[in-house]
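J.: Just dropping this structure here.
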Amino acid sequence: MTETLSPALPHDIEALVEAVLKAADAHGVSLATAESCTGGLVASVLTDVEGRSHVFERGYVVYTNDAKAEELAVPLRLIDQNGAVSEPVARAMAEGALRTSGAGIALAITGFAGRAGPGDEPGRVHFALAAAGAATVHEEHHFGDVGRGPCRIECLRVALRLLLTAVTIR
62 MTETLSPALP
72 HDIEALVEAV
82 LKAADAHGVS
92 LATAESCTGG
102 LVASVLTDVE
112 GRSHVFERGY
122 VVYTNDAKAE
132 ELAVPLRLID
142 QNGAVSEPVA
152 RAMAEGALRT
162 SGAGIALAIT
172 GFAGRAGPGD
182 EPGRVHFALA
192 AAGAATVHEE
202 HHFGDVGRGP
212 CRIECLRVAL
222 RLLLTAVTIR
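Remember, my numbering sits 61 above the position in the sequence shown when you count from 1.
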């Protein structure tokens, strides 16, 4: 059970956090995150369980395009061509986090948690998961204009499910 965030998290997310950490520990896999629209929420829950957080290697909060480029080596031209909220950028974020962290699995999230700019879809989020020796996986979700908080909670749910799947198939 998470220590700090437990009262605010839905029970299924608490269970997913515990399952991810337990499986990563059992398989000897370390985890990394590269988060934009979730602002480090996934990293926070993965480090909030006493006795299990040692499987978490590091987290990158890369909210701006410059941060994505500087911390994860995402090419700015890739962002310019596709937009920061896109499959190619999510994949590059995950692969950059995997490469720079030394973790066995890295998860990336980029999206519009709240109201977006003109022509952008609120609640559209791209997830990518990179693992050593495996092809990078991508998922796109459309949560709708539900607000920042609810969208971030849904992102957390998807991220933890992706991590659990990746850890258990190793």
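C-beta: ideal position from N, C-alpha, C; glycine also.
Give a yes or no on whether the C-beta atoms belonging to Leu137 and Arg113 are separated by under 8 Å.
T.: Translated into positions along the sequence shown, residue 137 becomes position 76. Translated into positions along the sequence shown, residue 113 becomes position 52. Going by C-beta atoms, Leu137 is not nearer than 8 Å to Arg113.
J.: Does DSSP put Gly157 in a helix, in a strand, or in coil?
T.: Here residue 157 refers to the residue found at position 96 of the sequence shown. Helix.
J.: Pairing CB atoms from the region 159 to 167 with CB atoms from the region 76 to 95, are three or more of them under 8 Å?
T.: yes
J.: Report back the beta-carbon spacing between Ala158 and Ala95 to the nearest angstrom; my notes put them in contact at under 8 Å.
T.: As a first step, residue 158 must be located in the sequence shown, where it is residue number 97. As a first step, residue 95 must be located in the sequence shown, where it is residue number 34. Confirmed, Cβ separation roughly 4 Å.
J.: Report the residue from Ala104, Ala191 and Ala155 whose alpha carbon sits nearest the alpha carbon of Glu132.
T.: Counting from one through the sequence shown, the residue named residue 132 turns up at place 71. Closest option to Glu132, Cα to Cα, is Ala155.
J.: So Val122 is in the alpha helix (DSSP H); what residue range does that whole segment cover?
T.: Position 61 of the sequence shown holds residue 122. No alpha helix (DSSP H) holds Val122; the beta strand (DSSP E) holding it covers Phe117 to Val122.
J.: Which one of Ser97, Val207, Val186 and Arg160 has the shortest CA to CA distance from Glu118?
T.: Within the sequence shown, the letter at position 57 stands for residue 118. Nearest option by C-alpha distance: Arg160.
J.: Between Leu139 and the rest of its own chain, which residues show a CB-CB distance below 8 Å, the 5 nearest in sequence each way excluded?
T.: Taking the sequence shown and counting its residues from 1, the one referred to as residue 139 is at position 78. Contacts found: Pro149, Val150 and Ala153.
J.: Can you tell me which residues form a DSSP beta bridge with Glu96?
T.: Indexing the sequence shown from 1 puts residue 96 at position 35. According to DSSP, which records beta bridges pairwise, Glu96 is partnered with Val122 and Ile170.
J.: For Arg209 and Ala189, what's the separation of their Cα atoms in angstroms?
T.: Walking along the sequence shown from the start, residue 209 turns up at place 148. Walking along the sequence shown from the start, residue 189 turns up at place 128. For Arg209 and Ala189, the distance between alpha carbons rounds to 20 Å.
J.: Just to confirm my understanding: we take Arg231, look at its own chain, exclude 5 residues before and 5 after, and list those with CB closer than 7 Å. What are they?
T.: Numbered from its first residue, the sequence shown carries residue 231 at position 170. Result list for Arg231: His88 and Val90, in chain order.
J.: Excluding the five sequence neighbours on either side, which residues of its own chain have a C-beta within less than 8 Å of the C-beta of Asn143, listed in chain order?
T.: For this step, residue 143 is matched to residue 82 along the sequence shown. Cβ within range, chain order: Pro149 and Val150.
J.: Anyone know if the C-beta pair for Thr171 and Cys98 falls short of 8 Å?
T.: On the sequence shown, residue 171 is found 110 positions in, with the first residue counted as 1. On the sequence shown, residue 98 is found 37 positions in, with the first residue counted as 1. Judged by beta-carbon spacing, Cys98 lies within the 8 Å limit of Thr171, meaning their Cβ atoms are closer than that value.
J.: Is Ala69 buried or exposed, if buried means 16 or more other CB atoms sit within 10 Å of its CB?
T.: As a first step, residue 69 is located in the sequence shown; it is residue number 8 there, counting from the start. Classification for Ala69: exposed.
J.: Do you know how far the Cα of Asp109 is from the Cα of His199?
T.: Counting from one through the sequence shown, the residue named residue 199 turns up at place 138. Counting from one through the sequence shown, the residue named residue 109 turns up at place 48. Distance between the alpha carbons of His199 and Asp109 is about 26 Å.
J.: Using the Cβ count rule (16 or more neighbours within 10 Å means buried), how would you classify Pro179?
T.: Walking along the sequence shown from the start, residue 179 turns up at place 118. Exposed, because fewer than 16 other Cβ atoms sit within 10 Å of the Cβ of Pro179.
J.: Kindly list the residues whose CB is nearer than 8 Å to the CB of Ala220, restricted to its own chain and excluding five residues on each side of it in sequence; keep chain order.
T.: On the sequence shown, position 159 is the one that residue 220 refers to. Within the same chain, Ala220 has close Cβ partners Thr94, Thr99, Val103, Leu168, Ile170 and Phe188.
J.: Considering only the alpha carbon of each residue, which of Leu77, Val106, Ala195 and Ile74 lies closest to His115?
T.: For the purposes of this step, residue 115 is identified with residue 54 of the sequence shown, where counting begins at 1. Proximity to His115 across Leu77, Val106, Ala195 and Ile74 peaks at Val106, based on C-alpha coordinates.
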